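The structure appears right after this line, and notes come after that.
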Amino acid sequence: MNKILLTSIISASLFTLTATSSLSTVQAAELSFAHIETVGTSTIEAAADMAIINVQVSIEADSAKAAKDKADEAISQFMQRLLKAGVDKKHIQSANLQLNPQYMYVQNEPRKLTGYNASRQMTITVIDLNSLNELLDSALVEGINNVNNIELKSSQETKIIAQARQAAIDDAKQKAQSLAKGFGEQIAGVWQVRYFPQQANQPEMYRASMKMNADVAQTYQQGQVAISDRVEVVFRLK
-2 MNKILLTSII
8 SASLFTLTAT
18 SSLSTVQAAE
28 LSFAHIETVG
38 TSTIEAAADM
48 AIINVQVSIE
58 ADSAKAAKDK
68 ADEAISQFMQ
78 RLLKAGVDKK
88 HIQSANLQLN
98 PQYMYVQNEP
108 RKLTGYNASR
118 QMTITVIDLN
128 SLNELLDSAL
138 VEGINNVNNI
148 ELKSSQETKI
158 IAQARQAAID
168 DAKQKAQSLA
178 KGFGEQIAGV
188 WQVRYFPQQA
198 NQPEMYRASM
208 KMNADVAQTY
218 QQGQVAISDR
228 VEVVFRLK
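Each residue of the sequence shown is one higher than the last, beginning at -2 in our numbering.
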């Protein structure tokens, strides 16, 4: 069950014609009616059940063709392993080749070409988080030598975002009703809503060389994804 954490770190205030506003000081001064402004917030945490990983092969060779061929071969072989492991082709994206000459610099001497570096990246959506460790192991076998990023995700993200939004709305309404009651007033309705969609927060990220032991990926199987939302509301008073 998802856990909803409602926070109240920003206080709501009762405003009159001359009051200042946490949303907009100038706007508050221009309002010709009594009002309350509140900020509704929410955070929902859910267990991660999938991941998006970005891996890279970086090869150095004496010639540009040799570097390119080795990088292409590593990507091709890894893709075949992924397909055999049951990864859908639509969940695999491979980037174009980047090829750069490598030089040696010696003071007071012309630069000397020492070879070429070829690199290619691949992004894989891992639907089953339990298979992450196995996929990373297979990347090692095929010469993939860098993990650029591992991003934890939830397959229920769209649903959780909607829940977080509604929880933030409820939080803003509850604050307004509580404040109005405390001051002996009544809410007449909503005058303005300011909404800024929030980004899902994946707290566990990974960026490093593929020089790791076989247990690294297992640390992500208990990861959490936190999705927050926020809404700012101006309520009219009767």
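Note that beta-carbon positions come from the ideal geometry of N, C-alpha and C, so glycine has one too. For clarity, every value in this text was computed on a predicted model and none was experimentally measured.
The shortest CA-to-CA distance from serine 128 to any of Ile49, Lys65 and Tyr113 is the one to Ile49. Beta-bridge partners assigned by DSSP to tyrosine 100: Leu110. When the beta-carbon positions are compared, histidine 88 and leucine 234 stay at least 8 Å from each other.
Per DSSP, the continuous beta strand (DSSP E) segment holding phenylalanine 232 begins and ends at 221 to 234.
The region 156 to 163 makes no contact with the region 62 to 77: fewer than 3 CB pairs, one atom from each, lie closer than 8 Å. Residue pairing for glutamate 182: DSSP places it in no beta bridge. DSSP lists Ala48 as the beta-bridge partner residues of leucine 149. By the criterion of a C-beta distance shorter than 8 Å, asparagine 145 is surrounded in its chain by Asn51, Val52, Gln53, Gln118 and Arg204, once the five residues flanking it on both sides are discounted. A straight line joining the alpha-carbon of glutamate 106 with that of tyrosine 100 spans about 12 Å. Taking every protein chain shown into account, the CB of alanine 68 has 16 or more other CB atoms within 10 angstroms, so this residue is buried.
Our two residues, aspartate 66 and alanine 82, have alpha carbons roughly 24 Å apart in a direct line. In the DSSP assignment, serine 135 falls within the unbroken alpha helix (DSSP H) covering 129 to 138.
Of all alpha-carbon atoms in Leu28, Ser116 and Lys178, the one lying nearest the alpha-carbon of glutamate 57 is that of Ser116. In this structure, the straight-line span from the alpha carbon of asparagine 130 to that of glutamate 148 is close to 14 Å.
When secondary structure is reduced to three states using DSSP, glutamine 195 falls in the coil class, being assigned neither helix nor strand. Counting only the Cα atoms, serine 39 lies some 25 Å from phenylalanine 180. Ranked by Cα distance from tyrosine 192, the first of Asn93, Ile184 and Ile166 is Ile166. Of all alpha-carbon atoms in Lys62, Glu229 and Gly112, the one lying nearest the alpha-carbon of lysine 172 is that of Glu229. Sixteen is the threshold: when 16 or more other Cβ atoms of the shown chains lie within 10 Å of the Cβ of glutamate 34, as they do, the residue is buried. For threonine 38, the pairing in a beta bridge is given by DSSP as Arg227. Residue environment: aspartate 226 is assigned as buried (16 or more neighbouring CB atoms within 10 Å of its CB, all protein chains considered).
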